[in-house]
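Colleague:
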Amino acid sequence: MKLTKRWLSLGCLLATTAMLVACSSSDATSKSQVKSKVYRSIYQSDLSDPIMAISRLSEHQHEWKGTRYRLGGNSKAGIDCSGFMQVTFKDLFGIDLPRTTTEQAKAGERISKDELRTGDLVFFKTGRGPNGKHVGVYVKNGQFLHASTKGGVIYSDLDSPYWSKAFWQARRL
Numbered sequence: 001m002k003l004t005k006r007w008l009s010l011g012c013l014l015a016t017t018a019m020l021v022a023c024s025s026s027d028a029t030s031k032s033q034v035k036s037k038v039y040r041s042i043y044q045s046d047l048s049d050p051i052m053a054i055s056r057l058s059e060h061q062h063e064w065k066g067t068r069y070r071l072g073g074n075s076k077a078g079i080d081c082s083g084f085m086q087v088t089f090k091d092l093f094g095i096d097l098p099r100t101t102t103e104q105a106k107a108g109e110r111i112s113k114d115e116l117r118t119g120d121l122v123f124f125k126t127g128r129g130p131n132g133k134h135v136g137v138y139v140k141n142g143q144f145l146h147a148s149t150k151g152g153v154i155y156s157d158l159d160s161p162y163w164s165k166a167f168w169q170a171r172r173l
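The letter at position 161 of the sequence shown is residue 161 when you use the UniProt record's numbering, and the numbering goes up by one with no holes.
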């Protein structure tokens, strides 16, 4: 009889402990999931609000103005186009992009040039090989922001002869 009571008590204790652990970890998980969703929706609303996105991109360009282009760079000491997109989307919109232009060109959904909105990625074929691709972010009125090999972090016109000819694709995240 004592042995049965002992096993029954031990079983109840284990069941209660398991329920408490399950409840606490479930609550922590759901809180982090909710927090993640809230932060993501805030960032998405900033990107879906063109006025807010344009303002943030403009401020960002001023912060990075004068930064030289450096292949493989990802800081104000020097940055390349895909590094600038990675930093820009993470800092301004909380969106993690891959590091390379080739990988970024697979992100999101492909759209036509006519569908461009603020925050869409624009891609160009500017040369040969793996380094022959370039990326920027569409801002407004045919302008995009990018890290240029000649001018550093600048705005350029999509319809200029050079960029118009080199245009490859656009993607919406």
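Glycine included, C-beta positions come from ideal geometry on N, C-alpha and C.
#1: Where do the N-terminal and C-terminal ends of the alpha helix (DSSP H) with residue 54 fall, by residue?
#2: Which term fits residue 71, buried or exposed, when burial requires 16 or more other beta carbons within 10 angstroms of its beta carbon?
#3: Helix, strand or coil: which one does DSSP assign to residue 78?
#4: According to the Cβ coordinates, are residue 101 and residue 146 closer than 8 Å?
#5: Using a 10 Å radius around the Cβ and a threshold of 16 neighbouring Cβ atoms, would you call residue 51 buried or exposed?
#6: Count the other CB atoms within 10 Å of the CB of residue 82; is the residue buried (16 or more) or exposed (fewer)?
#7: Using the beta-carbon count (16 or more within 10 Å), is residue 66 buried or exposed?
#8: Give me whichever residues DSSP pairs with residue 136 in a beta bridge.
#9: Could you have a look at residue 164 and say whether DSSP puts it in helix, strand or coil?
#10: Excluding the five sequence neighbours on either side, which residues of its own chain have a C-beta within less than 7 Å of the C-beta of residue 163, listed in chain order?
Modeller: Quick answer:
#1: DSSP places residue 54 inside the alpha helix (DSSP H), whose first and last residues are 50 to 64.
#2: Label assigned to residue 71: exposed.
#3: Residue 78: strand per DSSP, three-state reduction.
#4: The answer is no: Cβ separation not under 8 Å.
#5: Counting Cβ neighbours within 10 Å, residue 51 comes out exposed, since fewer than 16 surround it.
#6: That one is buried.
#7: Result: exposed.
#8: According to DSSP, which records beta bridges pairwise, residue 136 is partnered with 122.
#9: Three-state DSSP puts residue 164 in a helix.
#10: For residue 163, the CB contacts under 7 Å within the same chain, skipping 5 residues up- and downstream, are 124, 156, 157 in chain order.
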